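See below for the structure under consideration.
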Amino acid sequence: MNSHWHQQLAELVESEPELLRGICRGIEKESLRVAGDGVLAQTPHPSVLGSPLTHGSITTDYSESLMEFITPVSSSIEGTLKTLEDVHSFVYKHIGNERLWSASMPCIVAGDAGIPVAKYGSSNVGRMKTVYRYGLGNRYGRLMQAIAGVHYNFSMPESYWPEAQKADGDEGPLQDYITGRYLGLIRNFHRWSWLLIYLFGASPAVCASFMRGRGEHHLEPFDAEGNSLHLPYATALRMGDLGYNSSAQKSLKACYNSLDNYIETLTQAILTPHSDYAAFKGMQDGEYMQLNDSLLQIENEFYSTIRPKRPGSSSETPLKALHDRGIEYVEIRCIDVSPFLPLGIDSAQIRLLDSFLVYCLTQPSEACDEAQQDQQASNMNAVVNRGREPGLMLDTASGPRALSDWATELLSAISGSAELLDSVHNSSSHADALAEQQAKVRGDLELPSARVLREMREQGIPYYRFAMGYSNRWAEHFRDWQLDAQAQQSLVDDSAASLVRQADVEAADSCSFEEYLTAYFDQYKVLNHGD
Numbered sequence: 068m069n070s071h072w073h074q075q076l077a078e079l080v081e082s083e084p085e086l087l088r089g090i091c092r093g094i095e096k097e098s099l100r101v102a103g104d105g106v107l108a109q110t111p112h113p114s115v116l117g118s119p120l121t122h123g124s125i126t127t128d129y130s131e132s133l134m135e136f137i138t139p140v141s142s143s144i145e146g147t148l149k150t151l152e153d154v155h156s157f158v159y160k161h162i163g164n165e166r167l168w169s170a171s172m173p174c175i176v177a178g179d180a181g182i183p184v185a186k187y188g189s190s191n192v193g194r195m196k197t198v199y200r201y202g203l204g205n206r207y208g209r210l211m212q213a214i215a216g217v218h219y220n221f222s223m224p225e226s227y228w229p230e231a232q233k234a235d236g237d238e239g240p241l242q243d244y245i246t247g248r249y250l251g252l253i254r255n256f257h258r259w260s261w262l263l264i265y266l267f268g269a270s271p272a273v274c275a276s277f278m279r280g281r282g283e284h285h286l287e288p289f290d291a292e293g294n295s296l297h298l299p300y301a302t303a304l305r306m307g308d309l310g311y312n313s314s315a316q317k318s319l320k321a322c323y324n325s326l327d328n329y330i331e332t333l334t335q336a337i338l339t340p341h342s343d344y345a346a347f348k349g350m351q352d353g354e355y356m357q358l359n360d361s362l363l364q365i366e367n368e369f370y371s372t373i374r375p376k377r378p379g380s381s382s383e384t385p386l387k388a389l390h391d392r393g394i395e396y397v398e399i400r401c402i403d404v405s406p407f408l409p410l411g412i413d414s415a416q417i418r419l420l421d422s423f424l425v426y427c428l429t430q431p432s433e434a435c436d437e438a439q440q441d442q443q444a445s446n447m448n449a450v451v452n453r454g455r456e457p458g459l460m461l462d463t464a465s466g467p468r469a470l471s472d473w474a475t476e477l478l479s480a481i482s483g484s485a486e487l488l489d490s491v492h493n494s495s496s497h498a499d500a501l502a503e504q505q506a507k508v509r510g511d512l513e514l515p516s517a518r519v520l521r522e523m524r525e526q527g528i529p530y531y532r533f534a535m536g537y538s539n540r541w542a543e544h545f546r547d548w549q550l551d552a553q554a555q556q557s558l559v560d561d562s563a564a565s566l567v568r569q570a571d572v573e574a575a576d577s578c579s580f581e582e583y584l585t586a587y588f589d590q591y592k593v594l595n596h597g598d
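What follows is the structure, given as structure tokens:
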């Protein structure tokens, strides 16, 4: 049965198709740079690619070796992927014999010391980004920060919201209505995001070097030599305890029932000292070891599968931007880089994500409590580590339920959103993408996580050779990519202009780094006092 919001959307787009054609998206795709032998590159970020501080398309994440490619906001799936292809091709022209790693879990790494922290220049904002990364390394280890992913940004077109609010009879501020609806999407996403992990997870194994020196773990050797470790039914180890997870953060229950609750929870975590991090108060090699000794240095340290977002200035905290102007879009953070795709993601996956997110937006979304959050975390953990286990049961409010039955039901329900999206695009591409995922649940098509282990087993190769094989394949693909002259010149100009902007930022600093940090964190204190 269609929900009220789904029926409302269907009626609105019948007369105004642009309300769905104008869905906006953006992709942030991370890739490690590796040497020809599959070892993490130790070279700095190439200066010919511009400044990672100010370049809009090419930057770095945690490490100098962890590149991040960012597409502009666009309503065109094909245009977004074309931009990403152009950026990959441009980068390959400037990294010599290095490759971009084709998977989420890292290449061969020589411990924390072999992972160079990203540098952003001498400006206060650049130095803050680097110190934040030192803090992450000290708190969680640098190895965890070498994991790559695909972040998918999604927003409904601006024209949709006034029409939806009017149809709902809501007479409050429009931004409050938008924020409330996005919070409902986020709550539903947390309920059902295990489905995305199951369908698209592609990290069931790791190179043994990733675990060296990390103590006890629950992984099993994949080969007799112990070059690879895995879990036989895992889908996305990146999303489990080996990846972006924190034992200290397990006590942090971020609430998405209201934006004020979310902001208050993270603000308190940023302002409250945490005993585990008191040891990193000093300096090392002339640099601060962290930004502060709180549970979170800044809100970006809060690891979540989805984030509410609002763009802000470089000196404005993300929480202040959300507090002042509400939610503008959501950022999906649980997507593995697929080694089987040159970009790590393709148009069919994007169309499934859009259908899924429209479904989350247009379904009832009751307030969530801690018991439900614990249940959702339990389901996520089960799917991450045992998602392909025959007969796997997940927790629901009415008792245990087979993953296969629940996944079948969810995909069937999502079909209404796929049909609606196809109706405004005069195509069947969303329904086709959904049918592909339904075939995976039935067992007619192979899940990516299963394919990773099957290819390793059939070829008799460890994980790093498997991923290196695809890295070499896609390196050849992008080196052969015909980058048109206009795109080439635009990227050359962007890189040069970004270096100028970095120099301008550095020249504009008018206070010490300590004064800059004080002013930055004072924004959280204002939020904390509700002023």
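Position one of the sequence shown corresponds to residue 68 (our numbering), numbered consecutively onward. All C-beta atoms in this analysis are idealised placements derived from N, C-alpha and C, irrespective of residue type, glycine included. Values in this document were obtained by computation on a predicted structure and should not be read as measured data.
Check your understanding: If we call anything under 7 Å between Cβ atoms a contact, is Met306 one with Val451?
Key -> As a position in the sequence shown, residue 306 is number 239, starting the count at 1. As a position in the sequence shown, residue 451 is number 384, starting the count at 1. Yes, the Cβ-Cβ distance between Met306 and Val451 is below 7 Å.
Point to revise | Span separating the alpha-carbon of His218 from that of Ser342 | key: As a working mapping, residue 218 is identified with position 151 in the sequence shown. As a working mapping, residue 342 is identified with position 275 in the sequence shown. About 32 Å.
Review point. Roughly how many whole angstroms lie between the Cα atoms of Phe347 and Asp360?
Key: To locate residue 347, count along the sequence shown from 1; it is residue 280. To locate residue 360, count along the sequence shown from 1; it is residue 293. The straight-line gap from Cα to Cα measures roughly 7 Å.
**Study point:** Per-residue burial, Gln549 [other beta carbons within 10 Å of its own, 16 or more giving buried]
**Key:** Reading the sequence shown from its first residue, position 482 is the one you call residue 549. Exposed is the call here.
Practice item. From the DSSP output, in three-state form, read off Pro340 for me. Key: One-based indexing of the sequence shown puts residue 340 at position 273. Here Pro340 sits in strand by DSSP.
Review point. Looking only at DSSP bridge pairs, what is Ser130 linked to?
Key: By one-based count along the sequence shown, residue 130 stands at place 63. Looking at the DSSP assignment, Ser130 forms a beta bridge with Val184.
Point to revise | Best match in Phe267, Gly105, Gly93 for proximity to Arg166 [C-alpha to C-alpha] | key: Translated into the one-based positions of the sequence shown, residue 166 becomes position 99. The shortest Cα separation from Arg166 among Phe267, Gly105, Gly93 belongs to Gly105.
Check your understanding: Out of Ile412, Val593, Ile337, which has the shortest C-alpha to C-alpha gap to Leu362?
Key -> Walking along the sequence shown from the start, residue 362 turns up at place 295. Ranked by Cα distance from Leu362, the options Ile412, Val593, Ile337 are led by Ile337.
Check your understanding: Does the beta-carbon of Arg248 have 16 or more other beta-carbons within 10 angstroms, so that it is buried, or is it exposed?
Key -> Here residue 248 refers to the residue found at position 181 when the sequence shown is read from its first residue. In the assembly as shown, Arg248 is a buried residue. Its beta-carbon has 16 or more other beta-carbons within 10 Å.
Exercise for review: Could you tell me how far apart the beta carbons of Leu116 and Val572 are, in whole angstroms, since I believe they sit closer than 8 Å?
Suggested key: Position 49 of the sequence shown holds residue 116. Position 505 of the sequence shown holds residue 572. 18 Å between Cβ atoms; not a contact.
Review point. Is Glu97 near Leu133, with beta carbons less than 7 Å apart?
Key: Translated into positions along the sequence shown, residue 97 becomes position 30. Translated into positions along the sequence shown, residue 133 becomes position 66. Going by C-beta atoms, Glu97 is nearer than 7 Å to Leu133.
**Study point:** Element boundaries [alpha helix (DSSP H), containing Ser284]
**Key:** What you label residue 284 is simply residue 217 of the sequence shown in a count that begins at 1. A quick correction: the sequence has His, not Ser, at residue 284. No alpha helix (DSSP H) holds His284; DSSP gives it neither H nor E.
Exercise for review: Determine the extent of the alpha helix (DSSP H) in which His544 is found, giving its start and end residues.
Suggested key: Mapped onto the sequence shown, residue 544 falls at position 477. For His544, the enclosing alpha helix (DSSP H) starts and ends at 530-546.
Check your understanding: Taking Cβ positions, are Leu470 and Leu459 nearer each other than 7 Å?
Key -> On the sequence shown, residue 470 is found 403 positions in, with the first residue counted as 1. On the sequence shown, residue 459 is found 392 positions in, with the first residue counted as 1. It is a contact, given that the beta carbons lie within the stated cut-off.
Review point. Can you give the Cα-Cα distance for Gln335 and Gly379, rounded to whole angstroms?
Key: By one-based count along the sequence shown, residue 335 stands at place 268. By one-based count along the sequence shown, residue 379 stands at place 312. Their backbone Cα atoms lie some 21 Å apart in a straight line.
Check your understanding: In or out: Asp352 buried (at least 16 other Cβ within 10 Å) or exposed?
Key -> On the sequence shown, position 285 is the one that residue 352 refers to. Taking all protein chains shown into account, Asp352 has fewer than 16 neighbouring C-beta atoms within 10 Å of its C-beta and is therefore exposed.
Check your understanding: Is the distance from the Cβ of Asp576 to the Cβ of Asn191 below 7 Å?
Key -> One-based indexing of the sequence shown puts residue 576 at position 509. One-based indexing of the sequence shown puts residue 191 at position 124. Yes. Within cutoff.
**Study point:** Arg468 - partner residues in DSSP beta bridges
**Key:** In the sequence shown, residue 468 corresponds to position 401, counting from 1. DSSP lists Leu461 as the beta-bridge partner residues of Arg468.
Check your understanding: Quick one: Cα of Gln74 to Cα of Ser226, how far?
Key -> Looking up residue 74 in the sequence shown gives position 7. Looking up residue 226 in the sequence shown gives position 159. Rounded to the nearest angstrom, the two C-alpha atoms are 18 Å apart.
Check your understanding: Starting from Ile245 and walking both ways along the alpha helix (DSSP H), at which residues does that stretch end?
Key -> Reading the sequence shown from its first residue, position 178 is the one you call residue 245. That run of the alpha helix (DSSP H) goes 241-259.
Review point. Under 7 Å, do Tyr396 and Ser222 count as touching if we go by C-beta distance?
Key: Position 329 of the sequence shown, counting from 1, holds the residue named residue 396. Position 155 of the sequence shown, counting from 1, holds the residue named residue 222. Going by C-beta atoms, Tyr396 is nearer than 7 Å to Ser222.
Check your understanding: Over what stretch of residues does the alpha helix (DSSP H) that includes Val158 continue unbroken?
Key -> For the purposes of this step, residue 158 is taken as residue 91 along the sequence shown, with counting starting at 1. Per DSSP, Val158 belongs to the alpha helix (DSSP H) from 144-159.
Practice item. Spatial neighbours of Arg568 within its chain, please: CB distance less than 6 Å, with the 5 preceding and 5 following residues excluded, ordered by chain position. Key: Working through the sequence shown from its first residue, we reach residue 568 at position 501. Excluding residues within five positions, the ones whose Cβ falls inside 6 Å are Thr121.
Review point. On the premise that Pro224 lies in contact with Cys91, defined as a C-beta separation below 8 Å, what is that separation, rounded to the nearest angstrom?
Key: Looking up residue 91 in the sequence shown gives position 24. Looking up residue 224 in the sequence shown gives position 157. The pair is a contact, with the Cβ atoms about 7 Å apart (cut-off 8 Å).
Point to revise | Cross-strand partners of Gly202 (DSSP beta bridge) | key: Stepping through the sequence shown from its first residue, residue 202 is reached at position 135. Within the DSSP secondary-structure output, Gly202 pairs in no beta bridge.
Exercise for review: Return the chain-ordered list of same chain residues with a C-beta closer than 7 Å to the C-beta of His390, the five sequence neighbours on each side being excluded.
Suggested key: Start at 1 with the first residue of the sequence shown, and residue 390 comes out as number 323. Cβ within range, chain order: Ile330, Leu594.
**Study point:** Terminal residues of the beta strand (DSSP E) in which Ala272 lies
**Key:** Position 205 of the sequence shown holds residue 272. Run containing Ala272: 272-274, per the beta strand (DSSP E) assignment.
Practice item. Taking only the alpha-carbon atoms, compute the straight-line gap between Ser601 and Lys233 and give it to the nearest angstrom. Key: The structure shown does not extend to residue 601, since the chain is modelled only from 68 to 598, so the question has no answer here.
Exercise for review: Determine the direct distance from the alpha carbon of Ser318 to that of Thr302, and round the result to whole angstroms.
Suggested key: Within the sequence shown, the letter at position 235 stands for residue 302. Within the sequence shown, the letter at position 251 stands for residue 318. Looking at the two C-alpha atoms, the distance is approximately 25 Å.
Point to revise | Cβ-based burial, Arg392 [other Cβ within 10 Å; buried from 16] | key: Counting from 1 along the sequence shown, the entry for residue 392 is found at position 325. Arg392 should be labelled exposed.
**Study point:** C-beta atoms of Asn205 and Met356 nearer than 7 Å
**Key:** Taking the sequence shown and counting its residues from 1, one reaches residue 205 at position 138. Taking the sequence shown and counting its residues from 1, one reaches residue 356 at position 289. Yes, Cβ-Cβ distance for Asn205 and Met356 is below 7 Å.
**Study point:** Of the listed residues Leu326, Phe423, Ile175, nearest to Gln242 (C-alpha basis)
**Key:** Position 175 of the sequence shown, counting from 1, holds the residue named residue 242. Ranking Leu326, Phe423, Ile175 by Cα distance to Gln242 puts Leu326 first.
Practice item. Check whether the Cβ of Leu107 lies closer than 7 Å to any Cβ atom in chain D. Key: This model lacks chain D altogether, as it is built from one protein chain only.
**Study point:** Separation of Ile402 from Glu238, as counted between CA atoms
**Key:** As a working note, residue 238 is residue 171 in the sequence shown. As a working note, residue 402 is residue 335 in the sequence shown. C-alpha separation (whole angstroms): 37 Å.
Check your understanding: If we count the other Cβ atoms within 10 Å of its Cβ and call it buried at 16 or more, is Arg377 buried or exposed?
Key -> Counted from its first residue, the sequence shown places residue 377 at position 310. The residue is buried, with at least 16 neighbouring Cβ atoms inside 10 Å.
**Study point:** Residue of His544, Gln443, Ala502, Ser405 minimising C-alpha distance to Trp259
**Key:** If you number the sequence shown from 1, residue 259 lands on position 192. Residue Gln443 is the option with its Cα nearest to Trp259.
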